[in-house]
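Enquirer:
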Amino acid sequence: MPTILITGANRGLGLEAAKQYSSVGWTIHAPCRDPSKATELKALKNVTVHALDVTDFAATDALAMKLKGTAIDVLFANAGRSNPDAAQFGKIDYKDWIETFTVNTLAPFKLIEAFIDHVAASQRKTVAVVSSIMGSMGKAYGKSYPYRASKAGLNAALVNLNIDLKPRGIHFLMIHPGWVRTDMGGPKAHIGAEESVRGMRAVVDRASPETSGHFFQWDGQELPW
Ligand SMILES: NC(=O)c1ccc[n+]([C@@H]2O[C@H](COP(=O)([O-])OP(=O)(O)OC[C@H]3O[C@@H](n4cnc5c(N)ncnc54)[C@H](OP(=O)(O)O)[C@@H]3O)[C@@H](O)[C@H]2O)c1
Numbered sequence: 025m026p027t028i029l030i031t032g033a034n035r036g037l038g039l040e041a042a043k044q045y046s047s048v049g050w051t052i053h054a055p056c057r058d059p060s061k062a063t064e065l066k067a068l069k070n071v072t073v074h075a076l077d078v079t080d081f082a083a084t085d086a087l088a089m090k091l092k093g094t095a096i097d098v099l100f101a102n103a104g105r106s107n108p109d110a111a112q113f114g115k116i117d118y119k120d121w122i123e124t125f126t127v128n129t130l131a132p133f134k135l136i137e138a139f140i141d142h143v144a145a146s147q148r149k150t151v152a153v154v155s156s157i158m159g160s161m162g163k164a165y166g167k168s169y170p171y172r173a174s175k176a177g178l179n180a181a182l183v184n185l186n187i188d189l190k191p192r193g194i195h196f197l198m199i200h201p202g203w204v205r206t207d208m209g210g211p212k213a214h215i216g217a218e219e220s221v222r223g224m225r226a227v228v229d230r231a232s233p234e235t236s237g238h239f240f241q242w243d244g245q246e247l248p249w
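For the sequence shown, this note's numbering puts the final residue at 249, and the numbers step up evenly by one.
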């Protein structure tokens, strides 16, 4: 059975991804900030929980070293943050913007850098990052500047990494999960986590040289940059 590493697996979309991949027998490595509170995650089958704050890059390297020799079929960079209260023009909290950029842009890239050999050693060789339509220029409709810029930056970095790492046969997918009812998405969001993750899993299953470097939403529809 394949192996997946999911960041931010203690709640929201990450927890739902861990549940679904666990239910089909995959081996799951699930880093999260506070494993002592990750009760639901720890109760799942085939899950190894690791402590990791994704902004601690030395800890990311240490985890990669701990898992040296483990082939990771799918690296699922899911952990993310958004703070609309700090994003109002005229009252922008720039320290908060840096935190958003660190979690949403730098940390997924660092994760990929640290785990690229684990992915390259696997059968599926897939890197899936949970991006957002809010990072799309073609779908821009104002506000949320830090969050939008952080996801656009992530997409830009990965489109270029995809070009450079194509010779290694690694597939990169940027996936918008939809507007989902999680702590981040809120109760008025369009879809539930179960539907979103089911769709993202199908996108991950279709990873290939043809889909690599593209931006999809959870239902498989391609999105403009
Ligand atoms: N929900 C939506 O509508 C929506 C739409 C578009 C994109 N997304 C993206 O989907 C992904 C998952 O979002 P969600 O809706 O599941 O959000 P969520 O319910 O707020 O969960 C966020 C997850 O990220 C983790 N995280 C945040 N900062 C972290 C850090 N420094 N180190 C380690 N983990 C950290 C959180 O861990 P803690 O519990 O420790 O805070 C939590 O597990 C994010 O990348 C988000 O940008 C969501």
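Every residue, glycine too, gets a C-beta built ideally from N, C-alpha and C.
1) Should the segment 110 to 128 be called in touch with the segment 58 to 76, which here means at least 3 C-beta pairs below 8 Å?
2) What does a CB cutoff of less than 6 Å around Trp-242 pick up in its chain, not counting 5 residues either side in sequence?
3) With DSSP as the reference, please indicate the residues paired to Phe-125 in a beta bridge.
4) Taking the beta carbon of Ser-160 as the centre, do at least 16 other beta carbons fall within 10 Å, making it buried, or is it exposed?
5) Residues in the same chain with beta-carbon distance under 8 Å from Ser-168, minus the five sequence neighbours each way, listed in chain order, please.
6) Flag this pair as touching only if the segment 68 to 76 and the segment 122 to 134 have three or more C-beta atom pairs under 8 Å; answer yes or no.
7) Considering only their Cβ atoms, is the gap separating Asn-186 from Ser-232 smaller than 8 Å?
8) Whole-angstrom Cβ separation of Phe-100 and Ile-194, contact assumed at under 8 Å?
9) Need the endpoints of the alpha helix (DSSP H) that His-142 sits in, please.
10) So, with DSSP's three-state summary, where would you put Glu-234?
11) Any chance the CB of Leu-135 is under 7 Å from a heavy atom of ligand 3?
12) In the DSSP output, what is Glu-246 paired with across the bridge?
13) Indicate the three-state DSSP secondary structure (helix, strand or coil) for Ala-54 in the structure shown.
14) Count the CB pairs spanning the segment 203 to 217 and the segment 27 to 43 that are closer than 8 Å, and state whether there are at least three.
15) Between the Cα of His-238 and those of Val-154, Arg-192, Ala-86 and Pro-191, spot the shortest distance and give me the residue it belongs to.
16) Can you tell me which of Thr-31, Ser-146 and Glu-246 puts its alpha carbon nearest to the alpha carbon of Val-227?
17) Report back the beta-carbon spacing between Val-78 and Ala-103 to the nearest angstrom; my notes put them in contact at under 8 Å.
18) With a Cβ-Cβ cutoff of 8 Å, do Leu-197 and Phe-139 count as a contact?
Expert: Put simply:
1) Contact between the segment 110 to 128 and the segment 58 to 76 is absent, because fewer than three Cβ pairs lie under 8 Å.
2) If we look at Trp-242 and ignore the five residues flanking it on each side, its Cβ neighbours are Pro-201, Gly-202, Ser-220, Gly-223 and Met-224.
3) BP columns for Phe-125 are empty, so no partner.
4) Buried is the call here.
5) Closer than 8 Å at the Cβ level, and outside the excluded window around Ser-168, lie Ser-106, Pro-108, Ala-111 and Met-158.
6) When Cβ pairs closer than 8 Å are counted between the two stretches, the segment 68 to 76 is seen not to touch the segment 122 to 134, the count staying below three.
7) It is not a contact, given that the beta carbons lie outside the stated cut-off.
8) Going by Cβ atoms, the distance from Phe-100 to Ile-194 rounds to 14 Å, so no, they are not a contact pair.
9) Element bounds for His-142: 131 to 144.
10) If DSSP states are grouped into helix, strand and coil, Glu-234 belongs with coil.
11) This structure lacks ligand 3; the ligands present are ligand 1.
12) Per DSSP, Phe-240.
13) DSSP, read as helix, strand or coil, puts Ala-54 in strand.
14) Between the segment 203 to 217 and the segment 27 to 43, the count of C-beta pairs closer than 8 Å reaches three or more; the two stretches touch.
15) Nearest to His-238 by alpha-carbon distance, out of Val-154, Arg-192, Ala-86 and Pro-191, is Val-154.
16) Taking only the C-alpha atoms, the option nearest Val-227 is Glu-246.
17) A Cβ-Cβ distance of about 5 Å is found for the pair Val-78 and Ala-103, placing them in contact under the 8 Å criterion.
18) Against a cut-off of 8 Å, the Cβ pair of Phe-139 and Leu-197 comes out as no contact.
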